[in-house]
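Participant:
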Ligand SMILES: C[S@@+](CC[C@H](N)C(=O)[O-])C[C@H]1O[C@@H](n2cnc3c(N)ncnc32)[C@H](O)[C@@H]1O
């Protein structure tokens, strides 16, 4: 444990003054820079940060999301053609394309319009996906999306960022067709007693939510398990993703994750 704390401290030490300066500049710009500054900033910083993270969890994620291909559409015509209607919430730059089966018909609901360009650039590398709609909107209120209209809903590292996880889950449940499945991979507050949960709390309340719009200490595992929206079945497990040494040890704060499938 102390070795890990030392690792993190060593990574942070030379950066502390830069981080404080950046945070101050960011807070000033956020106050006076209008409503576009934070989304623009996030679209720039999240892409490389997420790329590093996804590289290290790719195999585990693939194992989980690969199960999507076993699901069949609730629509008899689409089922015959092997087409699956998938809705991804909060796709960001689009790191999940590779997990979707051929003939997927994909729509997304993403709150940050600055991700759209990167998303479509990535889509070009995955011609097996038919892109339906890129909706700029909130997962908590997907008013443009018809009820019972998707076979699968997907989220990865999104419930930490939405403003209301319960409302988002209600919407996920609403848009799923009967028997439809919600596949999720969400980082959560550490579920083991220790210092990681404490640091997640401190970071969230001081700067992480403010700057990155992400609550490191969300207990999405519990919110989903409470099942206020009425899924017929929830299968989930909590795991810790593997970490490398050096800079990568910072990702210890997103290592505790809940992965699961909730069926409508
Ligand atoms: C940490 S990123 C994860 C991106 C992507 N899912 C991945 O795994 O690489 C969180 C994403 O959720 C989006 N997001 C945040 N709040 C949202 C909301 N209320 N509704 C929809 N998307 C949201 C952010 O814009 C961002 O793209």
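In my numbering, the protein residues as written are 1 to 264.
Positions of the beta carbon are idealized from the N, C-alpha and C atoms, including for glycine.
1) Looking at the unbroken alpha helix (DSSP H) that takes in residue 77, where does it start and where does it end?
2) Three or more beta-carbon pairs under 8 Å between the segment 164-171 and the segment 58-75, yes or no?
3) Residue 107 and residue 135 look like a contact to me (Cβ under 8 Å); what is the Cβ gap, rounded to whole Å?
4) Would the beta-carbon of residue 193 be found less than 7 Å away from any heavy atom of ligand 1?
5) Is DSSP giving residue 146 helix, strand or coil here?
6) Residue 184: buried (16+ other C-beta within 10 angstroms of its C-beta) or exposed?
7) With the cut-off set at 8 Å, would you say residue 173 and residue 264 are in Cβ contact?
8) Give every residue of the same chain whose Cβ lies closer than 8 Å to the Cβ of residue 42, excluding the five residues on either side of it in the sequence, and list them in chain order.
9) Going by beta carbon distance, what residues of the same chain come within less than 7 Å of residue 72, once the five residues before and after it are set aside?
10) On a Cα-Cα basis, can you pick out the residue from 92, 85, 246 and 197 that is closest to residue 129?
11) Spatial neighbours of residue 133 within its chain, please: C-beta separation below 6 Å, excluding the five flanking residues on both sides.
12) Thinking C-beta only, is residue 198 closer than 8 Å to residue 267?
13) Less than 8 Å between the beta carbons of residue 100 and residue 54, yes or no?
14) Tell me which residues share the same chain as residue 218 and place their Cβ nearer than 7 Å to its Cβ, disregarding the 5 neighbours each side in the sequence.
15) Check each candidate in 262, 260, 261 and 247 and name the one with the smallest Cα separation from residue 56.
16) Considering only C-alpha positions, which residue in the set 62, 157, 28 and 262 is nearest to residue 179?
17) Is it buried or exposed for residue 194, if we count other Cβ within 10 angstroms and need 16 for buried?
18) Between the alpha carbons of residue 131 and residue 196, how many angstroms are there, rounded?
19) In whole angstroms, what is the alpha-carbon distance linking residue 138 and residue 98?
20) Using CA atoms only, rank isn't needed, just tell me which of 104, 186 and 200 is closest to residue 82.
Facilitator: Reading off the structure:
1) Position 77 of the chain shown, counting from 1, holds the residue named residue 77. Its alpha helix (DSSP H) spans residues 76-81.
2) no
3) For the purposes of this step, residue 107 is taken as residue 107 along the chain shown, with counting starting at 1. For the purposes of this step, residue 135 is taken as residue 135 along the chain shown, with counting starting at 1. With 8 Å as the limit, residue 107 and residue 135 qualify as a contact, their Cβ atoms being about 7 Å apart.
4) Translated into positions along the chain shown, residue 193 becomes position 193. Residue 193: no, Cβ never under 7 Å from ligand 1.
5) By 1-based counting over the chain shown, the position of residue 146 is 146. Looking at residue 146 - three-state DSSP - the assignment turns out to be coil, as it is neither helix nor strand.
6) Along the chain shown, read from residue 1 onward, the residue named residue 184 stands at position 184. Result: buried.
7) Position 173 of the chain shown, counted from the first residue, corresponds to residue 173. Position 264 of the chain shown, counted from the first residue, corresponds to residue 264. Their beta carbons are under 8 Å apart, which means residue 173 touches residue 264 by this criterion.
8) By one-based count along the chain shown, residue 42 stands at place 42. Excluding residues within five positions, the ones whose Cβ falls inside 8 Å are 112, 114, 212 and 213.
9) The residue you call residue 72 lines up with position 72 of the chain shown. 79.
10) Taking the first residue of the chain shown as position 1, residue 129 is located at position 129. It is 85 whose Cα lies nearest to the Cα of residue 129.
11) Position 133 of the chain shown, counted from the first residue, corresponds to residue 133. Correct list, in chain order: 107.
12) No answer is possible for residue 267: it lies beyond the span of the chain, which begins at 1 and ends at 264.
13) Within the chain shown, the letter at position 100 stands for residue 100. Within the chain shown, the letter at position 54 stands for residue 54. Cβ atoms of residue 100 and residue 54: not closer than 8 Å.
14) The residue given as residue 218 occupies position 218 in the chain shown. Around residue 218: 159, 160, 165, 188 and 189.
15) To locate residue 56, count along the chain shown from 1; it is residue 56. Cα-wise, what sits closest to residue 56 is 247.
16) If you number the chain shown from 1, residue 179 lands on position 179. Answer by Cα proximity: 262.
17) Locating residue 194 in the chain shown gives position 194, where the first residue counts as 1. Classification for residue 194: exposed.
18) Position 131 of the chain shown holds residue 131. Position 196 of the chain shown holds residue 196. Rounded to whole angstroms, residue 131 to residue 196 spans 39 Å at the Cα level.
19) Within the chain shown, residue 138 is the residue found at index 138, counting from 1. Within the chain shown, residue 98 is the residue found at index 98, counting from 1. Taking the straight line from one Cα to the other gives about 24 Å.
20) Looking up residue 82 in the chain shown gives position 82. Taking only the C-alpha atoms, the option nearest residue 82 is 104.
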